[in-house]
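A.B. asks: Supplied in structure tokens, the structure appears directly below.
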Amino acid sequence: MAIRRQPDPVPNGPNFGIINHGNMTGPAQAAAFSQNASQTNNITNEAVDKARDSIDDLRRRLEELRGQYPEVDAALRDLAMITSRLDEPARDPGTLRYMLQNLVERCGGVPNLLAAAQLVQSTVVALLPGS
1 MAIRRQPDPV PNGPNFGIIN HGNMTGPAQA AAFSQNASQT NNITNEAVDK
51 ARDSIDDLRR RLEELRGQYP EVDAALRDLA MITSRLDEPA RDPGTLRYML
101 QNLVERCGGV PNLLAAAQLV QSTVVALLPG S
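Residue numbering for the sequence shown follows the working numbering, starting at 1 and increasing by one per position.
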């Protein structure tokens, strides 16, 4: 255990902590020297269009390679699941991130698809909360 060389924090007045009168929304921190941050994502139509365009481009490339590589069919299934979740990206962002990672890994073994899969990943992740 590390030895702390600073004294314990001392409240700097009678109103140490949070005093709330009225309505309050969002998280609050009441511990000494605590910090809080919040983020609001405003998803623009342009960002959604970029994501859809990158998905369409990857789908077209995968369709051209269908039957040549075993990973293509699985990548097309992954892409279909990602596309169906694009309208509500905040519903389950962890699952969507996992599916995007699987897509990139599958496309990594097929020549000329990795960059397109990474573009899909970056454009879709930009729509997720906390990105």
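By construction, the Cβ of each residue, glycine as well, lies at the ideal position given by its N, Cα and C atoms. Quick caveat: nothing in here was measured; it's all calculated off a predicted structure.
Going by DSSP, what residue range makes up the alpha helix (DSSP H) through Thr-95?
C.D. replies: Indexing the sequence shown from 1 puts residue 95 at position 95. Where Thr-95 is concerned, the enclosing alpha helix (DSSP H) stretches over 93-108.
A.B. asks: Report buried or exposed for Pro-129, applying the criterion of at least 16 other Cβ atoms within 10 angstroms of its Cβ.
C.D. replies: Locating residue 129 in the sequence shown gives position 129, counting from the first residue. Exposed: under 16 other Cβ atoms inside 10 Å.
A.B. asks: How long is the line joining the alpha carbons of Leu-127 and Pro-89, rounded to whole angstroms?
C.D. replies: Counted from its first residue, the sequence shown places residue 127 at position 127. Counted from its first residue, the sequence shown places residue 89 at position 89. So the two alpha carbons sit approximately 7 Å from each other.
A.B. asks: How is the alpha helix (DSSP H) around Thr-83 delimited, first residue to last?
C.D. replies: Translated into the one-based positions of the sequence shown, residue 83 becomes position 83. Where Thr-83 is concerned, the enclosing alpha helix (DSSP H) stretches over 71-84.
A.B. asks: Spatial neighbours of Tyr-69 within its chain, please: C-beta separation below 8 Å, excluding the five flanking residues on both sides.
C.D. replies: To locate residue 69, count along the sequence shown from 1; it is residue 69. Contacts found: Gly-109, Val-110.
A.B. asks: Once the 5 residues before and after Ala-116 are set aside, which same chain residues still bring their CB inside 8 Å of it?
C.D. replies: If you number the sequence shown from 1, residue 116 lands on position 116. Answer for Ala-116: Ser-54, Asp-57, Leu-58, Arg-61, Cys-107, listed in chain order.
A.B. asks: Please return the same chain residues whose Cβ sits closer than 8 Å to the Cβ of Leu-86, not counting the five positions on each side in sequence.
C.D. replies: Counted from its first residue, the sequence shown places residue 86 at position 86. These residues qualify, in order along the chain: Val-48, Ala-51, Arg-52, Ile-55, Val-124, Leu-127.
A.B. asks: Roughly how many whole angstroms lie between the Cα atoms of Ala-208 and Thr-44?
C.D. replies: Nothing about residue 208 can be reported from this structure: the residues present for the chain run from 1 to 131 only.
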